[in-house]
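**Q** The structure follows.
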Amino acid sequence: MTDSIIIDDREVPIAAGQTIMEAARAAGIYIEHLCYNPQYAPHGSCKLCTVKVDGVMQTACTMPALPGQVVECSSPELEQRRETLVEMIFAEGNHYCPFCIKSGNCDLQALAYHLGMHENNFNHRYPVRTIDASHSDLILDHDRCIFCGLCISASRDTDQKNVFAMAGRGKATRVVVNSDSGKLGDSDITLDDAAAHICPVGAIMPRAGAYATPIGERYFDDHDIDEIDNASGKL
Ligand code: SF4
Ligand code: FES
59 MTDSIIIDDR
69 EVPIAAGQTI
79 MEAARAAGIY
89 IEHLCYNPQY
99 APHGSCKLCT
109 VKVDGVMQTA
119 CTMPALPGQV
129 VECSSPELEQ
139 RRETLVEMIF
149 AEGNHYCPFC
159 IKSGNCDLQA
169 LAYHLGMHEN
179 NFNHRYPVRT
189 IDASHSDLIL
199 DHDRCIFCGL
209 CISASRDTDQ
219 KNVFAMAGRG
229 KATRVVVNSD
239 SGKLGDSDIT
249 LDDAAAHICP
259 VGAIMPRAGA
269 YATPIGERYF
279 DDHDIDEIDN
289 ASGKL
């Protein structure tokens, strides 16, 4: 007999070692997320994937799926909590969607649409952050960083380079670059690296081709982020 869990009244089979996120995705159930990417070990930083497991809040990307669990994934309470988290992320950085080159391909923007965010209940902090334009092929715009850590995982685990790391705490948290000058242009990263393309927002962007796809024809312009379409490369 196959082991299973219940997600929002639906029986979902589980395999040994799966997390709740993995079991849900295998069953075609979308759970909101930003820092999760199936290629890399989850680290549970964004909290967007928080669900209730047997009545207790847990992050679905890190919580092991165990037989008999009852998981509440979609509820007004959890959706309100996710919208609040997204509002906080927008407030703590400098996200100017109308003129961001990632608009229409950005997971944060797409989540805001998905969750029905029409306003922000938090005061924007407008932090002073820098743009690193030292690389010939890539831009690192700290304004848009949401500290998901995916560039760190991709550079370490796929590119075998360790170009990125996280430094500082609280408001001072920053992605830092492993080079003598601390600049991207002096690091080992190249345009072919996974880390150059993993950023779910517009913080690490290739310079060339930014507007090759016009606004209106970009992925999230006609897809909701809850559509699981592996062929698209979106999660
Ligand atoms: S630069 Fe992009 S991938 Fe790296 S931590 Fe920031 S948001 Fe995530
Ligand atoms: S996706 Fe689970 S904590 Fe970010």
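The C-terminal position of the sequence shown is numbered 293 in the working numbering, with every residue numbered one higher than the one before it.
Glycine residues also receive a C-beta, built at the ideal position from the N, C-alpha and C atoms.
#1: Is the Cβ-Cβ distance between I283 and Y154 less than 9 angstroms?
#2: Around the C-beta of L124, are 16 or more other C-beta atoms found within 10 angstroms, so that it is buried, or is it exposed?
#3: Taking buried to mean at least 16 other C-beta atoms within 10 Å of its own C-beta, is G260 buried or exposed?
#4: By Cβ distance, which residues of its chain are closer than 7 angstroms to A191, with the 5 residues on each side in sequence left out?
#5: List the whole-angstrom C-beta distance separating A118 from A82, where the pair is believed to meet the contact cut-off of C-beta under 8 angstroms.
#6: Apart from the five residues on each side of it in sequence, which residues of its chain come closer than 6 angstroms, Cβ to Cβ, to L208?
#7: Whose CA, out of D238, G267, E285, lies closest to the CA of I159?
#8: Per DSSP, C199 is paired with what?
#9: One question on the structure: do V70 and A85 come within less than 9 angstroms of each other, judged by their Cβ atoms?
#10: Could you please give me the residues that DSSP links to M263 through a beta bridge?
**A** With the given structure in hand:
#1: The residue labelled residue 283 in the question sits at position 225 within the sequence shown. The residue labelled residue 154 in the question sits at position 96 within the sequence shown. Contact flag unset, no.
#2: The residue given as residue 124 occupies position 66 in the sequence shown. Sixteen is the threshold: since fewer than 16 other Cβ atoms of the shown chains lie within 10 Å of the Cβ of L124, the residue is exposed.
#3: For this step, residue 260 is matched to residue 202 along the sequence shown. The C-beta of G260 has 16 or more other C-beta atoms within 10 Å across all chains shown, which makes the residue buried.
#4: Your numbering for residue 191 matches position 133 in the sequence shown. Once the five neighbours on either side are set aside, the close Cβ partners of A191 are I197.
#5: As a first step, residue 118 is located in the sequence shown; it is residue number 60 there, counting from the start. As a first step, residue 82 is located in the sequence shown; it is residue number 24 there, counting from the start. Contact between A118 and A82 holds, with the beta-carbon distance rounding to 7 angstroms and staying under 8 angstroms.
#6: Translated into positions along the sequence shown, residue 208 becomes position 150. Excluding positions up to five away in sequence, the list reads N95, I256.
#7: As a working mapping, residue 159 is identified with position 101 in the sequence shown. Ranked by Cα distance from I159, the first of D238, G267, E285 is G267.
#8: Locating residue 199 in the sequence shown gives position 141, where the first residue counts as 1. Note that residue 199 corresponds to Asp in the displayed sequence, not to Cys. DSSP lists I189 as partners of D199.
#9: Within the sequence shown, the letter at position 12 stands for residue 70. Within the sequence shown, the letter at position 27 stands for residue 85. In this structure, the beta-carbon distance from V70 to A85 falls below 9 angstroms.
#10: Counting from one through the sequence shown, the residue named residue 263 turns up at place 205. Paired residue(s): I197.
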